[in-house]
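Mind the numbering: the sequence shown is residues 10 to 177 in our numbering, read in order. C-beta atoms are modelled at their ideal positions from N, C-alpha and C, and glycine is treated no differently. If you're wondering where the values come from, they're calculated on a predicted model, not measured in any experiment.
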Amino acid sequence: MNRTLPVVRLRVPTDEDAVAWHRVFDDPDVMEFHGGRSAELSVYEELTARQRRHDAEHGFCLWTMLDADDRVIGFTGAQPWPGEWGPKGEIEIGWRLGREHWGQGYVTAAAQLTLERVRAAGVPGVVAMVDARNTRSVAVTQRLGMRLAEVFTTPESKREGHCYRLAW
């Protein structure tokens with residue numbers, strides 16, 4: 010089934026986006042695979058500041074995702090894998106979307122834009138690290154043409170995870 014994807018725009022996160030991300034992600038369903046509970050505002054303040062640095066240094070980051078009405082609905086983008094385990098040194102694509110926008114194609118549309126931007130920045134490929142139970146994110150990786158490269162157990166949560174890979 011090929012459906013028309015929604016209009017989505019990406020921008021480098023602003024200071025104000027930290028507040029928006031905090032509000033949009035303040036939902037246990039959204040945070041189920043990200044620690045299970047909402048993060049403090051200071052976490053998003055640091056994250057948005059770090060993403061501005063990533064964009065300045067690498068030409069890509071976790072961008073703020075905006076809908077057709079320019080409302081903040083989440084983020085998507087890419088950054089160097091931060092862990093001491095897993096695909097160290099590789100670029101990870103990722104996303105997080107506010108609950109009210111699930112199932113409408115926003116993440117797929119935004120992730121496709123992310124792939125275009127990362128490829129234009131000279132990155133030879135990306136990985137996506139996904140909790141094996143996160144069927145929505147697994148489906149996005151498949152729509153992007155990513156392939157399962159590795160199954161692992163996360164050091165923190167001891168859950169099964171999947172590493173998906175896409176090279177061009």
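Handout entry: Cβ pair count under 8 Å reaching 3, the region 22 to 39 against the region 47 to 56
Key = yes
Practice task
Given a cut-off of 8 Å, decide if Val135 and Glu101 are closer than it, judged by their beta-carbon atoms.
Solution key: yes
Exercise for the section: Quick one: measure Cβ to Cβ for Val39 and Arg108, integer angstroms, because I've assumed they're closer than 8 Å. Expected result: 5 Å
Problem - N-terminal and C-terminal residue of the beta strand (DSSP E) that Asp140 is part of - result: Gly134 to Asp140
Exercise for the section: Could you work out which residue in Arg59, Thr57, Ala148 and Trp177 is closest to Trp111 when comparing CA atoms only? Expected result: Ala148
Problem - Rounded straight-line distance, which links the Cα of Asn143 to that of His63 - result: 27 Å
Problem - Residue of Thr163, Pro96, Thr117 and Gly98 minimising C-alpha distance to Leu106 - result: Thr117
Handout entry: Complete beta strand (DSSP E) runs within the region 70 to 142 (minimum length 3 residues, chain order)
Key = 71 to 75, 81 to 89, 100 to 106 and 134 to 140
Practice task
Apply the 10 Å Cβ neighbour rule to Trp90 and answer buried if 16 or more other Cβ atoms are within range, or exposed otherwise.
Solution key: buried
Practice task
Mind listing, in chain order, the continuous alpha helix (DSSP H) runs of no fewer than 4 residues lying wholly within the region 38 to 74?
Solution key: 50 to 67
Exercise for the section: Buried or exposed for Trp177, please, with buried defined as at least 16 other CB atoms from any protein chain shown within 10 angstroms of its CB. Expected result: exposed
Exercise for the section: Between the Cα of Glu25 and those of Thr13, Glu41, Asp76 and Ser51, spot the shortest distance and give me the residue it belongs to. Expected result: Ser51
Practice task
Measure the beta-carbon distance from Pro15 to Gly114 and round it to whole angstroms, keeping in mind my assumption that it falls under 8 Å.
Solution key: 5 Å
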